[in-house]
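K.L.:
Numbering-wise (the working numbering), the sequence shown opens with residue 852 and increments by one. My questions all concern the structure below.
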Amino acid sequence: MEWGMKNRLSRLIQADGKALFLPIDHGYFQGPTHKLEKPGETIKPLLQYADALMLTRGVLRNCVDSAVDKPVILRVSGGTSVVGEDLANEAITTSVQEIIRLNASAVSMSVFVGSKYEHQSLTNLAKLVDACEDYGIPVMAVTAVGRELEKRTARYLALCCRIAAELGARVVKTYYCEENFEKVVDGCPVPVVMAGGPKVNSQLEVFKFVYDGMQKGAIGVNLGRNIWQTEHPVAAIRAIRAIIHDNYTPEEAQSLFEQVKAGKT
Ligand code: R5P
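Below, the structure written as structure tokens:
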């Protein structure tokens, strides 16, 4: 592996081999998502606890201080919306020159395996990998399910992750699933990070799945709504960080969450 690629990956994946990526890219197809209406304000108290920030060029340029000392994972696929016909019909939206200009440490794009646009999104991934590898920029593939959240089974996610890795993704982001998640990770030759999905009812639920996914081989998370849409986002990110980097159990994470919430630490 070239020095530049290694260096960028080492900025994202920490020395312990783990990572907490904070995504705020949801507006690229959802518009002004709840609690992300002013992304710059949302991330202010959270950034210090994240290993990298995932977002589009528009939010990066307009809402994030250029002196920020955090690696950026630039979302470079899009072209669809929640009110449009099909979320899977994505294209690559950002040139390699722009990716370099914005000093991105990595890029990310979605693949929609099994959808009408499977071929298009997978060949988009292959082309993006070709273009980015020339400059030592890692591609993180996002195994997207559009509106069909019920697709999140181990069998399907394993298929998506493996295909994304085979096409050259350096990291794969996928969903956690309760049953057989280890099969998803074991079948994927590159590091896997977990998305959070829609906000769930209790923090403990999030801590449990992050912990379980880590035990089963994930290197971390790319988790947004279950942090910044919660009532106590700083407590949430600190507790999740403790699971990822300090091996906290869900119960220990819950206790840290309560302490931060109460202003005790
Ligand atoms: C989808 O909007 C994006 O790719 C998000 O980055 C991804 O879904 C992770 O965010 P969340 O934890 O909110 O699902």
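Every residue, glycine too, gets a C-beta built ideally from N, C-alpha and C. Treat the numbers as computed from the prediction; the structure is a model and nothing was measured.
Is N1052 near the ligand R5P, in the sense that its beta carbon is under 6 Å from a heavy atom of that ligand?
P.N.:
Translated into the one-based positions of the sequence shown, residue 1052 becomes position 201. Answer for N1052: no, Cβ out of range of the ligand R5P.
K.L.:
For G1047, is the beta carbon positioned less than 6 Å from some heavy atom of the ligand R5P?
P.N.:
Position 196 of the sequence shown, counted from the start, is the residue given in the question as residue 1047. It does: the Cβ of G1047 is within 6 Å (strictly closer) of some heavy atom of the ligand R5P.
K.L.:
In the DSSP assignment, the beta strand (DSSP E) including I924 goes from what residue to what residue?
P.N.:
The residue given as residue 924 occupies position 73 in the sequence shown. I924 -> beta strand (DSSP E) spans 923–926.
K.L.:
At the level of alpha carbons, what is the spacing between T1100 and K1059?
P.N.:
One-based indexing of the sequence shown puts residue 1100 at position 249. One-based indexing of the sequence shown puts residue 1059 at position 208. T1100 and K1059: Cα-Cα distance of roughly 8 Å.
K.L.:
Touch check for the segment 879–895 and the segment 919–931: three-plus C-beta pairs under 8 Å?
P.N.:
Segments in contact, yes.
K.L.:
Taking a contact to mean a Cβ-Cβ separation below 7 Å, would you say V1057 touches N1077 in this structure?
P.N.:
For this step, residue 1057 is matched to residue 206 along the sequence shown. For this step, residue 1077 is matched to residue 226 along the sequence shown. Yes. Within cutoff.
K.L.:
From C983 to C1011, what distance separates their C-alpha atoms?
P.N.:
Position 132 of the sequence shown, counted from the first residue, corresponds to residue 983. Position 160 of the sequence shown, counted from the first residue, corresponds to residue 1011. Rounded to whole angstroms, C983 to C1011 spans 21 Å at the Cα level.
K.L.:
Beta carbon of P874: closer than 6 Å to some heavy atom of the ligand R5P?
P.N.:
Here the question's residue 874 lines up with position 23 in the sequence shown. Within the cutoff, so yes.
K.L.:
Does the structure place the segment 902–911 close enough to the segment 866–873 that three or more beta carbon pairs sit under 8 Å?
P.N.:
Verdict: yes, contact present.
K.L.:
Roughly how many angstroms separate the alpha carbons of E1102 and I1091, rounded to a whole number?
P.N.:
Counting from 1 along the sequence shown, the entry for residue 1102 is found at position 251. Counting from 1 along the sequence shown, the entry for residue 1091 is found at position 240. Using only the alpha carbons, I get a separation of about 11 Å.
K.L.:
So the candidates are P922, D920, K895, E1001; which of them puts its Cα closest to the Cα of C914?
P.N.:
By one-based count along the sequence shown, residue 914 stands at place 63. Measuring from the Cα of C914, the nearest candidate turns out to be K895.
K.L.:
Measure the C-alpha to C-alpha separation of E949 and L1008 and round it to an integer number of angstroms.
P.N.:
Residue numbering aside, residue 949 sits at position 98 when the sequence shown is read from its first letter. Residue numbering aside, residue 1008 sits at position 157 when the sequence shown is read from its first letter. If you take the alpha carbons of E949 and L1008, they lie about 31 Å apart.
K.L.:
Measuring CA to CA, which of L1074, T1004, D1037, G1075 is closest to G1068?
P.N.:
Taking the first residue of the sequence shown as 1, we reach residue 1068 at position 217. Cα-wise, what sits closest to G1068 is D1037.
K.L.:
Residues in the same chain with beta-carbon distance under 6 Å from L860, minus the five sequence neighbours each way, listed in chain order, please.
P.N.:
Position 9 of the sequence shown holds residue 860. P989, listed in sequence order.
K.L.:
Measuring alpha carbon to alpha carbon, tell me which residue in P874, A992, G891 is nearest V964.
P.N.:
Counted from its first residue, the sequence shown places residue 964 at position 113. Of the listed residues, the one whose Cα sits closest to V964 is A992.
K.L.:
Look up L979 in the DSSP assignment and say whether it is helix, strand or coil.
P.N.:
Counted from its first residue, the sequence shown places residue 979 at position 128. DSSP places L979 in helix when its eight states are reduced to three.
K.L.:
Looking at C-alpha atoms only, which residue of G1048, G1071, N954, A957 is the closest neighbour of E999?
P.N.:
Stepping through the sequence shown from its first residue, residue 999 is reached at position 148. Cα-wise, what sits closest to E999 is G1048.
K.L.:
Which whole-angstrom value is the C-beta distance of A977 and G1019, which I expect to be below 8 Å?
P.N.:
Against the sequence shown, residue 977 aligns to sequence position 126. Against the sequence shown, residue 1019 aligns to sequence position 168. That pair is a contact at about 7 Å.
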